[in-house]
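Numbering (the working numbering), first residue to last: 1 to 300.
Structure, as structure tokens:
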């Protein structure tokens with residue numbers, strides 16, 4: 001039923017759209033993931049019309065060959081409250097947001113929006129925590145392979161052991177990719193496809209995730225040089241491409257979930273919870289699974 005209603009919304013079913021908006025108006029929106037600046041007020045002395053005019057200016061500005069980035073950044077800060085009201089209260093489709101707020105679908109603006117919401121530097125905090133915990137995570141992954149013979153973790157670790165270059169990046173990626181397997185989650189955050197295949201075909205049915213385009217079909221000996229594109233998909237839309245590597249794409253994807261007020265993938269709930277509460281130190285109460293992994297990391 002949820003998928004059916006989603007498709008009706010995409011087709012523009014007026015009743016569903018109106019019902020959703022009416023429900024939003026009468027529902028008190030609260031932070032769910034320890035956001036510090038979840039739904040800010042409109043700046044004093046201004047109204048929605050003034051902010052909407054600024055939004056329209058940005059919508060046209062990004063179409064230019066030479067974008068005034070300084071002015072764009074300033075106006076993105078200024079229109080933050082309008083954007084959050086739209087994102088949180090109206091809950092528009094990603095495609096609609098991309099049309100109305102195209103500047104938001106940019107790596108640097110995703111980081112900026114995350115900072116506006118959480119007062120935290122997403123990229124540096126994430127990478128620092130990942131580096132601080134990657135060796136401990138890999139050690140626990142290897143222990144689990146020995147104890148339980150986890151084939152997915154074993155394949156990841158074997159691939160890491162075969163790498164001869166870019167070891168820091170590979171170590172980060174392996175630690176991150178291994179979390180769902182460690183938590184025994186069934187969701188998939190990244191799908192690998194060949195460069196001969198079209199992105200358009202593989203994004204179908206993907207609510208959120210990463211498409212990694214490679215030249216080689218071998219998963220056991222793949223290096224960074226085999227990766228020719230990394231794309232982020234939300235609601236079956238490719239929202240960003242050429243992210244460089246899996247870890248970079250994952251960080252931006254995580255930031256976009258906050259910027260667009262989207263829920264975590266339920267099939268990867270522990271992976272996302274671990275990243276939020278351990279890597280980013282956002283929120284205090286942890287599930288038993290996440291708390292257990294935290295304790296094991298502290299012991300190593």
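The C-beta atom is built at its ideal place from N, Cα and C for all residues, glycine as well.
For residue i, the residue or residues it bridges with in DSSP
i           : result
residue 117 : DSSP, once it has assigned bridges, lists no residue as partnering residue 117.
residue 229 : 213
Where residue i sits in the DSSP three-state scheme
i           : result
residue 236 : coil
residue 289 : helix
residue 23  : Note on residue 23: pLDDT 45, under 50, position unreliable in the model; the coordinate value appears next. Three-state result, residue 23: helix.
residue 209 : strand
residue 140 : helix
residue 193 : strand
residue 33  : coil
residue 275 : helix
residue 101 : coil
residue 251 : helix
residue 17  : Any answer about residue 17 is weak, because its pLDDT of 46 lies below 50 and its placement is not dependable; what the coordinates show is given next. Residue 17: helix per DSSP, three-state reduction.
residue 42  : coil
residue 47  : coil
residue 58  : helix
residue 178 : helix
residue 257 : helix
residue 111 : helix
residue 270 : helix
Cβ neighbours of residue i in the same chain (closer than 6 Å, five flanking residues each side left out)
i           : result
residue 137 : 175
residue 302 : The requested residue 302 does not occur in the structure, where the chain is confined to residues 1 to 300.
residue 36  : 118 and 119
9 Å Cβ cutoff met for residue i and residue j
i           : j           : result
residue 253 : residue 208 : yes
residue 260 : residue 51  : no
residue 297 : residue 140 : yes
residue 210 : residue 183 : no
residue 233 : residue 212 : no
residue 113 : residue 264 : no
residue 115 : residue 82  : no
residue 227 : residue 246 : yes
residue 256 : residue 110 : yes
Same chain only: Cβ atoms within 7 Å of residue i, ignoring 5 sequence neighbours per side
i           : result
residue 267 : 185, 186 and 187
residue 142 : 157
residue 199 : 211, 231 and 238
residue 134 : 171, 172 and 175
Neighbourhood of residue i by C-beta, 8 Å cutoff - its chain only, sequence neighbours within 5 removed
i           : result
residue 236 : 203, 204, 205, 206 and 207
residue 58  : 72, 75, 76, 79, 101, 102 and 103
residue 87  : 97, 259, 260 and 261
residue 30  : 38
CB contact check: residue i to chain B, cutoff 9 Å
i           : result
residue 144 : In the structure shown, chain B does not exist; there is a single protein chain.
Any non-hydrogen atom of the ligand COA closer than 8 Å to residue i Cβ
i          : result
residue 86 : In terms of ligand content, the structure shown is empty, and the ligand COA therefore cannot be addressed.
Next on the checklist: If contact is defined by three or more beta carbon pairs under 8 Å, each pair taking one atom from either stretch, is the stretch 93–109 in contact with the stretch 230–244?
Outcome noted: yes
Item to check | Cβ contact (3+ pairs, closer than 8 Å) linking the stretch 264–271 and the stretch 159–170 | outcome: no
Checklist entry - Counting pairs of Cβ atoms below 8 Å between the stretch 114–132 and the stretch 276–283, do you hit three or more? => result yes
Checklist entry - Is there contact here, the stretch 187–194 with the stretch 140–159, by at least three beta-carbon pairs under 8 Å? => result no
Checklist entry - Three or more C-beta pairs closer than 8 Å, one from the stretch 282–296 and one from the stretch 197–206: is that the case here? => result No: fewer than three Cβ pairs fall under 8 Å.
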